[in-house]
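A.B. asks: Protein chains in written order, with my numbering: chain Y, 945 to 1272; chain F, 945 to 1272; chain B, 945 to 1272; chain A, 945 to 1272. All C-beta atoms, glycine included, are put in the ideal place defined by N, C-alpha and C. Please read all numbers here as calculations on a predicted model, not as lab measurements. Dropping the structure in here first, questions after.
4 protein chains.
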Amino acid sequence: MSSRQDLTFGAGLWMFGQFVDRYATDAYGPVVGVLEAIDRAGAVGDLVALDINFPFDEGVSVDQIREALARNELRCHAITPASYSRKYQKGALTNPDPALRRDAIALYKDAVVAARTLGAKYVKFWPGQDGYDYPFQVDYADLWKCSVDGVREVAESAPDMQFAIECKFKEPRSHMFFSNVATTLLAIQAMNVDNVGIVYDLGHSLFAKETPAEAVQLAARLGRLTSVELNDNWRDWDDDMAVGSVHLIETLEFLLALRTIGWKEVLLLDQFPFREDPVVAARESIRTVRQLNALLDRIDLDALRDVQRKHDALGAQRLVLDLFLGGR
Amino acid sequence: MSSRQDLTFGAGLWMFGQFVDRYATDAYGPVVGVLEAIDRAGAVGDLVALDINFPFDEGVSVDQIREALARNELRCHAITPASYSRKYQKGALTNPDPALRRDAIALYKDAVVAARTLGAKYVKFWPGQDGYDYPFQVDYADLWKCSVDGVREVAESAPDMQFAIECKFKEPRSHMFFSNVATTLLAIQAMNVDNVGIVYDLGHSLFAKETPAEAVQLAARLGRLTSVELNDNWRDWDDDMAVGSVHLIETLEFLLALRTIGWKEVLLLDQFPFREDPVVAARESIRTVRQLNALLDRIDLDALRDVQRKHDALGAQRLVLDLFLGGR
Amino acid sequence: MSSRQDLTFGAGLWMFGQFVDRYATDAYGPVVGVLEAIDRAGAVGDLVALDINFPFDEGVSVDQIREALARNELRCHAITPASYSRKYQKGALTNPDPALRRDAIALYKDAVVAARTLGAKYVKFWPGQDGYDYPFQVDYADLWKCSVDGVREVAESAPDMQFAIECKFKEPRSHMFFSNVATTLLAIQAMNVDNVGIVYDLGHSLFAKETPAEAVQLAARLGRLTSVELNDNWRDWDDDMAVGSVHLIETLEFLLALRTIGWKEVLLLDQFPFREDPVVAARESIRTVRQLNALLDRIDLDALRDVQRKHDALGAQRLVLDLFLGGR
Amino acid sequence: MSSRQDLTFGAGLWMFGQFVDRYATDAYGPVVGVLEAIDRAGAVGDLVALDINFPFDEGVSVDQIREALARNELRCHAITPASYSRKYQKGALTNPDPALRRDAIALYKDAVVAARTLGAKYVKFWPGQDGYDYPFQVDYADLWKCSVDGVREVAESAPDMQFAIECKFKEPRSHMFFSNVATTLLAIQAMNVDNVGIVYDLGHSLFAKETPAEAVQLAARLGRLTSVELNDNWRDWDDDMAVGSVHLIETLEFLLALRTIGWKEVLLLDQFPFREDPVVAARESIRTVRQLNALLDRIDLDALRDVQRKHDALGAQRLVLDLFLGGR
């Protein structure tokens, strides 16, 4: 199993950009260009990789991106096409307008080119606008078909590239089609391609009523775990808070699950620090994860296996709570 | 598509029994024997089939059950083995004690015999005690393995019999392993047998953050929809209330989904009318479903398809709300 | 009790403006100026009053607002100061910076002037940024004190003006201080002023785990119901959907509660039709409310009182469901 | 502020009794008489007080209770009348049957006699059956009146005795009238008596979407905090789990709030260890609370006040997470 020193961190670049919501329409801070955002990510000092939104800002070339990454000793880990902007407000791959569905597929194909150029490991589907808001609004069979066919078409167009779907229960649509890990795995099976997996987001999992350590192992068991994103929330919304700030115990259990499945890849931060300094927010999350990881180095795994073999709830609690509270 | 006259109804026999919970430990009413419960079910006047708990009351023979069914013009539609009583409080097929896991399998095999004798269509897995309550309590990979292997073993032991798993998010365990439709479908796939499906429970679906009309079609699409149970709740617990009492619109959409997939089987009521007369509760639910079904006879399906093709939320709402509210 | 013809409708002007969220940062549609938004509201054809955000767009005078209202036969019903923009992202009346708290109070006082000029019935507190996001972030006693003292100071500065607080559980903060009706009523009592009440928002009530018909009567019983806003949601977020689109039964019960308390004021629509035409969205909501109100004209109130006297759940259901489903 | 050595613990006696629910109707273990339950409580070794259900088991005298308490060095802290059994399934003080409402009041008055005899600090209202399950089932104004009048009548009949209401969102009713802290405080104000307060239950608060540290201070600020009960849950149900097992951070924040308000009374455990040894469950919870309390001894309160003055979310997080994770 991996130990403390193995952990490496990345982040979604949006974390260092400008935030806006439906109330603070004048945004929570000034505009941040993509190159400046990369510099901010570099300022964290402990990030090695980024997930970068695509297309880049108007007038910014791939070379400029590459240069900004280089000067900050960062690499491009993933590309996230902007399939969630105004144009795609009624869906990208599931848009009711076939022309827009074609545009979405073209956007993904363009993103593949950028991903190859920048050496990204995967292209992400973030289908936040693909879903429905009202009862009776859509034909669910159509939604399934467009989702499955659309992702398959993109994946088959670039067999050398890995793709990954980030599922979430809701937001911006009141219901997203790729709502949780299990549903997304079923849809991926229906695609019948090898190069589509899941971006497992810890907060989305908490939000979807999943048990994170269980859900991530399910995705891994089926060979579809492509990436892991970290954050926290209050379990009733995708608050994108600092890691471990609310669900400390579940986050520890989740990190242990990552050891169990032998996860060696970078851990990506996906936070929206609306009212906080994103550089500090990233550093604090990394510190917390490293501290939790150090706790795991000290856990008595034989003892844990023993209590788990008996489903001994209180025994498991004692082992774990003493890590947080004991020895004083 | 099926029309109004096609609807037939059944019920879980527990609906006509004695209810107890952790507060009213003296129960909400007197003891009701299994034969008396069957007579109560018969008194509804519009039920044709029952899902019967197994084993039957001590001292009651299969012949007596058969006789009680006959005099009430009811048939045995399903058998539900009592894998949720004190003995199995830490799980049936996933119990930490291998001897109890064997007992659970034996219980299911005995149930198959009873099911064959009574002509039941399927034997139900209701794995309410199979799960966990606390973080770190169980090894999720073990839970998956025991669940998949256990159901498979039972199913393979009786290839002539149909089986069906009823999933739920929680209760009595704070987390059930078979938590929702998609997770259960993945586990069924892993079993690699043909004779295991899903008991889709409308209330469990609402509770699990699923959209009922979407989830039931997902199960049907994968060929795993064995049975349908009806009730309602407040979406934060399995309240097992009368059908349509809270989610009238979603229940209508669900019934339309049943037409879409061509569902012709009996609809089973699964209610816990703690403080109400169960015979009245059953009648009221049936009346509501028949009324909703009559609304569906009047819906303009071409118009609906047209608004759904456009994902026109307000258009869909208008069509539907006018059914409930219009023409006055 | 009021009957159908008595219903009059208003709307929050934001409903006709530009929507943005954290994903579609290019907004769901083009910029809409305040005067254009008023014209859109006028186009609904069945609105008589508006709740208008303050300050108005730069360069727009009160006279222009008045003129736009006049040409659309609308009146200004309320003024909502923009205490939720970037400047107040860490709170308005509870901002950690005392200078910003003073600015917020000044903003409210300016709003009073505008409200008087336009003949508004009340000035609204919409304290969406007043709260906290993380455990341990704030001293709750300070939050209480700043909230109570701040509203009191504004209210005492204009004893001729009515004020009203719109409470919500969360968003944009992950926890708002004025989280639900009961908490807000307690805070209002602590203010010890006569001219502060509640803006009861139906969707916020559903979101806060309240029973709308119960919560609105609680506010009325304490003499603090200043205004009523209508919409709907999925009960896990403030989705601001069309009225009755999800909670048809609870909306009917709520409208009956409004009759019970003798509510004669305008009903304000508070929707965010991100992907729909706001004029159509408003018309559809009004149509639904009028249809529900027509159902109430037909309800047998004596029969309802009789079943309620017995707490007869199924009897109440039958009365109500037959309104929606019966007579066919 | 109180320090570690000051903490004393009690428990609800039900925690040591027999558990049953609607599935394991044969109960999770054998019958446990009240005297045996007291001996079990004594076996914990670190309890000083009990909340005891009333009436006691048939045939058990007050003297026997007193003796059992004495031999276990326990005192009776509170009496909880059984207003939630079969008889009161449609409510105690709010039962639709006036005769049953009188019986409930008589039950409470009898409990006062027992409470005086045993030297209890307060008599508890646990109005779990007082509420409603279905829309339109009750007249909310009646429910309010019966609740307020009923508690007032009992309280006025024994001005020397303290009373306290334990509120909860739901269960056994799908909606309880006394649903959360703020609503209960409003109802208590309407009673206009001095001797009625609140039993603040940590798990109920988590369940009701309250922030525990905030809600308990609200009750204290209004002078109505009579008792504190501890447990944990998954925030979607009253799971009554061991303290700190899920919400470790919020439990720490809650214990700090108790210090802030100067709480010196016994802390009562209210758990339902369905599948665990209750003596171990109690010991583990006490150990966790003592450990958390020791963490509080080490927190830098000046630093915390400083970050809270700035609403500095990440600063507060760092202070707190380092307590759990730091120094390694």
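At the level of alpha carbons, what is the spacing between R1117/Y and K1208/F?
C.D. replies: Their Cα atoms are separated by approximately 33 Å.
A.B. asks: Specify whether the region 1056-1076 of chain F and the region 1173-1189 of chain A touch according to this definition: at least 3 beta carbon pairs, one from each stretch, less than 8 Å apart.
C.D. replies: No: the two stretches stay apart, fewer than three of their Cβ pairs being nearer than 8 Å.
A.B. asks: Leaving aside the five residues before and after N895/F along the sequence, list all residues of the same chain whose C-beta is less than 8 Å from its C-beta, in chain order.
C.D. replies: Absent from the structure is residue 895/F, since the part of chain F shown begins at 945 and ends at 1272.
A.B. asks: Taking Cβ to Cβ, would you say P1356/F is nearer than 9 Å to M1105/F?
C.D. replies: What the structure shows of chain F is the stretch from 945 to 1272, and residue 1356/F is not part of that stretch, so it cannot be assessed.
A.B. asks: From A1026/B, Y1032/B, L1248/B and Q1008/B, pick the residue whose C-alpha is nearest to that of T1061/B; which is it?
C.D. replies: Of the candidates A1026/B, Y1032/B, L1248/B and Q1008/B, the one whose C-alpha sits nearest the C-alpha of T1061/B is Q1008/B.
A.B. asks: If you draw a straight line from the alpha carbon of A1099/F to that of L1150/A, how long is it in whole angstroms?
C.D. replies: Going from the Cα of A1099/F to the Cα of L1150/A covers about 42 Å.
A.B. asks: Which class does E1154/F belong to by DSSP, given the choice of helix, strand or coil?
C.D. replies: In this structure, E1154/F counts as coil in the three-state DSSP scheme.
A.B. asks: Which residue from T1204/B, R1242/B, L1199/B and R1253/B puts its Cα closest to that of T1232/B?
C.D. replies: Nearest of T1204/B, R1242/B, L1199/B and R1253/B to T1232/B, Cα basis: L1199/B.
A.B. asks: Just how far apart, CA to CA, sit A1273/F and L979/F?
C.D. replies: It is not possible to answer for residue 1273/F, since the shown part of chain F is limited to 945 through 1272.
A.B. asks: Pick out whichever of F953/F, R1030/F, F1113/F and A993/F has its Cα sitting closest to the Cα of D970/A.
C.D. replies: That would be R1030/F, whose Cα lies nearest to the Cα of D970/A.
A.B. asks: What residues from chain Y crowd round R1179/A, counting only those whose CB sits closer than 7 Å?
C.D. replies: Result: R1179.
A.B. asks: What residues in its chain sit with their C-beta under 6 Å from that of P1025/A, if we drop five residues either side in the sequence?
C.D. replies: Around P1025/A: F998, L1051, Y1052 and A1055.
A.B. asks: Am I right that A1058/F and V1006/F are in contact with their C-beta atoms under 8 Å? What's the rounded C-beta distance?
C.D. replies: Their Cβ separation, rounded to whole angstroms, is 6 Å, which keeps A1058/F and V1006/F in contact under 8 Å.
A.B. asks: Measure the alpha-carbon distance for R948/Y versus D1250/Y and round it to whole angstroms.
C.D. replies: Any reading at R948/Y is ruled out, since the residue's pLDDT is 46, under 50, leaving its predicted position unreliable.
A.B. asks: Which residues of chain F have a Cβ atom closer than 7 Å to the Cβ of G973/B, listed in chain order?
C.D. replies: The premise fails here: G973/B is roughly 16 Å from chain F at the closest Cβ pair, so nothing lies under 7 Å.
A.B. asks: Give a yes or no on whether 9 Å exceeds the smallest Cβ distance from S946/B to chain Y.
C.D. replies: Since pLDDT at S946/B reaches only 40, below the 50 mark, its modelled position is unreliable, and the value read off the structure follows with that caveat. Not an interface residue.
A.B. asks: Using only CA atoms, which one of V1143/B, A1152/B, F1268/B and A1164/B lies nearest to I1243/B?
C.D. replies: The candidate whose alpha carbon is nearest that of I1243/B is F1268/B.
A.B. asks: From this set, E1220/Y, V1264/Y, A1225/Y and V1140/Y, which residue's C-alpha is nearest T1195/Y's C-alpha?
C.D. replies: Of the candidates E1220/Y, V1264/Y, A1225/Y and V1140/Y, the one whose C-alpha sits nearest the C-alpha of T1195/Y is V1264/Y.
A.B. asks: Is the CB-CB distance between D995/Y and G977/Y below 9 Å?
C.D. replies: Contact: no.
A.B. asks: On the premise that G1141/B lies in contact with A1102/B, defined as a C-beta separation below 8 Å, what is that separation, rounded to the nearest angstrom?
C.D. replies: With a Cβ gap of about 14 Å, A1102/B and G1141/B do not count as contacting.
A.B. asks: Near L1087/A, which residues of its chain fall below 6 Å by C-beta distance, leaving aside the five closest residues on each side in sequence?
C.D. replies: Contacts found: T1038 and F1121.
A.B. asks: Decide if E1011/Y is buried, meaning its Cβ has at least 16 other Cβ atoms within 10 Å, or exposed.
C.D. replies: Burial call: exposed.
A.B. asks: Would you report the Cα separation of D1093/F and D1241/A, rounded to the nearest angstrom?
C.D. replies: Roughly 50 Å separates the two Cα atoms.
A.B. asks: Decide if V1210/Y is buried, meaning its Cβ has at least 16 other Cβ atoms within 10 Å, or exposed.
C.D. replies: By the 10 Å Cβ count, V1210/Y comes out buried.
A.B. asks: Would you kindly check if the distance between the Cβ of N1175/Y and the Cβ of D1221/Y is under 9 Å?
C.D. replies: No. Outside cutoff.
A.B. asks: Could you tell me how far apart the beta carbons of L1212/B and G956/B are, in whole angstroms, since I believe they sit closer than 8 Å?
C.D. replies: Right, the Cβ-Cβ distance comes to about 6 Å (below 8 Å), so this counts as a contact.
A.B. asks: Please list, in chain order, all residues of the same chain as E1017/A whose beta carbon is under 8 Å from its beta carbon, the five residues on each side excluded.
C.D. replies: Cβ within range, chain order: G986 and V992.
A.B. asks: By Cβ distance below 8 Å, which residues in the same chain neighbour Q962/F in space, the five residues on each side in sequence not counted?
C.D. replies: Around Q962/F: A971, Y972, G973, P974, V975 and V976.
A.B. asks: State yes or no: is the C-beta of A1157/Y within less than 9 Å of the C-beta of A1201/Y?
C.D. replies: The answer is yes: Cβ separation under 9 Å.
A.B. asks: Per DSSP, what are the beta-bridge partners of P1350/F in this structure?
C.D. replies: The structure shown does not extend to residue 1350/F, since chain F spans only 945 to 1272, so no value can be given for it.
A.B. asks: Indicate whether at least one CB of chain A lies closer than 9 Å to the CB of M1274/F.
C.D. replies: It is not possible to answer for residue 1274/F, since the shown part of chain F is limited to 945 through 1272.
A.B. asks: When the cut-off is 9 Å and only beta carbons count, does P1025/Y lie next to chain A?
C.D. replies: Cβ-Cβ to chain A under 9 Å: no for P1025/Y.
A.B. asks: In the DSSP assignment, find the alpha helix (DSSP H) that holds A971/F and state where it starts and stops.
C.D. replies: Segment: none, A971/F is in no alpha helix (DSSP H) and carries neither H nor E.
A.B. asks: In whole angstroms, give me the CA-to-CA distance for A1036/A and Q1252/F.
C.D. replies: Answer to the nearest angstrom: the Cα atoms are 50 Å apart.
A.B. asks: Is it buried or exposed for P1042/Y, if we count other Cβ within 10 angstroms and need 16 for buried?
C.D. replies: The residue is exposed, with fewer than 16 neighbouring Cβ atoms inside 10 Å.
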